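These notes are about the structure you will find just below.
Chains as they are written, first to last, in the numbering used here: chain W, 37 to 295; chain X, 37 to 295.
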């Protein structure tokens, strides 16, 4: 009998978030699951790692079926590093991150702890997928995502992923019967228009909360934003080679070495 | 007389780091400088932003010549957002980040607070450059970088940058006379091979320090690692559209919508 694939599960909302529990439930159907996830919410920590502080790892038993479940005091990326190099001491067959409580489509990918964990696994050469649901509610309904997650994970286990590529999967907030299918997309061009909510603390000192509005600047029907708005699950293949190859020739024309 | 360009200076080593003071000194020669930088070291914070905590902004006077200098309690990316949307309430003509104490070449770009600040400015449509010196010493000699920084900044102010492109500039640890010139490069394929340094605290609990070794897996002569090792200043054009376009067709062959 073929050995079950070893699957590392992580997230950025913290190990007790309903989203990761839903993801664990699906992964238990297809492989041997190891969970290593932050012990507290780590949304929007991007690709942050802990180099100026210590890391604590605790064995936990949130899911009685899983032999190896650990919380980590660091970021999502720390959790992946700890899992691979300290806990497993080997590379799992798959790393899945999420299910994030909230969208990681378009430009959100760059702020996302969920996606950064998946990207870190991809950098290690591990096939990796980040899953996010466009619903920020802690009690969001993750049931409609499960069939799709299983299908996508099985395809990745079967086919592998191109070198240097990670999948960013986003779900619309819909019932399963309302979801039209899966679309492979590009990242939509979008921005956050920030606003700072200024307040005064009891000591009379001003402080700020970061807030803002998401603005989609891209009507392309091949984008993740279009897919999500039209009832599809979006998959964007993401890479960590950030080189803007198309700009190299233009910069070479600048004659920067003339004196 | 043409108005002097408005230049936003930030970094990730904190507002008092020698690296940012060197960068400010160069920028004062070419424009009106506004400084908004983290009040404490924020290395390796990547594209982290502060959404679960408050932000404090303090006007400081570290450089008597500069009217607008502020420290921010958040990350490098927070500092850029605060600068543009709360302090300036307009977009500067240029944003420069650094000079980082340590290399941000190859895969380091993805962990780097210095580069994430520049990328955030780029996302706002501001021409942006991150500068880093391959020397982690707090008392590193930044003098050899200054002529190059001035030249690169003036070229960006003159030509602008292609849409969605930010420059990642790295300097070798050499005397100015030893530097052979500037090379436009691609990001070398490299990884960090992590190791966790396990220790025990006075209460008997295990904790870890993240450590590791940088492994360059790419001998290409068009890479930033090659340029730096051969005495050149490297410039990699960096983008924040993370879509792996080359993988889209392959994923479309997966028939994910078959039932």
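Don't be surprised by glycine CBs; every beta carbon is placed ideally from N, CA and C. This one's a predicted model, so the numbers in the text were calculated from it and none came from an experiment.
Amino acids of chain W, ordered along the chain, whose beta-carbon sits closer than 8 Å to that of residue 91/X
For this step, residue 91/X is matched to residue 55 along the second chain. Near residue 91/X (Cβ distances below 8 Å), the residues of chain W are 232, 243, 244, 245 and 246.
Given a cut-off of 8 Å, decide if residue 168/X and residue 140/X are closer than it, judged by their beta-carbon atoms.
Position 104 of the second chain holds residue 140/X. Position 132 of the second chain holds residue 168/X. It is a contact, given that the beta carbons lie within the stated cut-off.
Along the chain, where does the alpha helix (DSSP H) containing residue 115/W start, and where does it finish?
Here residue 115/W refers to the residue found at position 79 when the first chain is read from its first residue. 112–118 is the span of the alpha helix (DSSP H), which, as asked, contains residue 115/W.
What is the DSSP secondary structure of residue 186/X, reduced to helix, strand or coil?
Numbered from 1 along the second chain, position 150 holds the residue referred to as residue 186/X. In this structure, residue 186/X counts as helix in the three-state DSSP scheme.
Taking the alpha helix (DSSP H) that residue 262/X falls in, what are its first and last residues?
Here residue 262/X refers to the residue found at position 226 when the second chain is read from its first residue. Start and end: 260–265.
CA nearest to the CA of residue 144/X, picked from 91/W, 221/W and 278/W:
Your numbering for residue 144/X matches position 108 in the second chain. Cα-wise, what sits closest to residue 144/X is 278/W.
I need the straight-line Cα distance from residue 282/W to residue 190/W, nearest angstrom please.
As a working note, residue 282/W is residue 246 in the first chain. As a working note, residue 190/W is residue 154 in the first chain. When rounded, the distance between both Cα atoms is 35 Å.
When we look at the beta-carbon of residue 213/X and count the other beta-carbons within 10 Å, is it buried (16 or more) or exposed?
Residue 213/X sits at position 177 when you count from the first residue of the second chain. Result: exposed.
Pick out the complete alpha helix (DSSP H) segments inside the segment 168–244 of chain W, 4 residues or longer, and give them in chain order.
182–195
Kindly indicate which three-state DSSP category residue 282/W falls into: helix, strand or coil?
Here the question's residue 282/W lines up with position 246 in the first chain. Helix at residue 282/W.
Here's the rule I'm using: 16 or more other beta-carbon atoms within 10 Å means buried, otherwise exposed. How should residue 179/X be labelled?
Indexing the second chain from 1 puts residue 179/X at position 143. The residue is exposed, with fewer than 16 neighbouring Cβ atoms inside 10 Å.
Using a C-beta cutoff of 8 Å, does residue 264/X count as contacting chain W?
Working through the second chain from its first residue, we reach residue 264/X at position 228. Taking Cβ atoms only, chain W never reaches closer than 8 Å to residue 264/X, which makes this a no.
State the CB to CB distance for the pair residue 270/X and residue 195/X, rounded to an integer number of angstroms; the pair is presumed to be in contact (CB under 8 Å).
Translated into positions along the second chain, residue 270/X becomes position 234. Translated into positions along the second chain, residue 195/X becomes position 159. Rounded, the Cβ-Cβ distance is 19 Å, inconsistent with contact.
On the CB-based measure, 16 or more other CB atoms within 10 Å of its CB, does residue 7/X come out buried or exposed?
It is not possible to answer for residue 7/X, since the shown part of chain X is limited to 37 through 295.
Cβ neighbour criterion (16 or more within 10 Å) applied to residue 238/W:
Taking the first residue of the first chain as 1, we reach residue 238/W at position 202. It is exposed - the Cβ of residue 238/W has fewer than 16 other Cβ atoms within 10 Å.
Do residue 153/W and residue 201/W come within 8 Å of each other at the CB atom, strictly closer than that value?
Sequence index remark: in the first chain, residue 201/W carries index 165 (1-based). Sequence index remark: in the first chain, residue 153/W carries index 117 (1-based). The answer is no: Cβ separation not under 8 Å.
Do the segment 99–113 of chain W and the segment 72–79 of chain W make contact, defined as three or more Cβ pairs closer than 8 Å?
yes
Could you give the DSSP three-state label for residue 123/X: helix, strand or coil?
In the second chain, residue 123/X corresponds to position 87, counting from 1. It is helical.
Which of helix, strand or coil DSSP assigns to residue 252/X:
Indexing the second chain from 1 puts residue 252/X at position 216. Reduced to three states, the DSSP call for residue 252/X is strand.
Ignore the nearest five residues each way along the sequence and tell me which others in residue 275/X's own chain have a CB closer than 8 Å to its CB.
Within the second chain, numbered from 1, the residue matching residue 275/X stands at position 239. Result list for residue 275/X: 200, 201 and 202, in chain order.
Classify residue 251/W: buried if its beta carbon has 16 or more other beta carbons within 10 angstroms, exposed otherwise.
Against the first chain, residue 251/W aligns to sequence position 215. So residue 251/W counts as exposed.
Using a Cβ distance threshold of 8 Å, determine whether the segment 257–268 of chain X contacts the segment 221–230 of chain X, with at least three qualifying pairs required.
yes
Would residue 84/X count as contacting chain W if we go by Cβ distances under 8 Å?
If you number the second chain from 1, residue 84/X lands on position 48. For residue 84/X, the answer is yes, since a Cβ of chain W falls inside 8 Å of its Cβ.
Report buried or exposed for residue 121/X, applying the criterion of at least 16 other Cβ atoms within 10 angstroms of its Cβ.
Here the question's residue 121/X lines up with position 85 in the second chain. The residue is buried, with at least 16 neighbouring Cβ atoms inside 10 Å.
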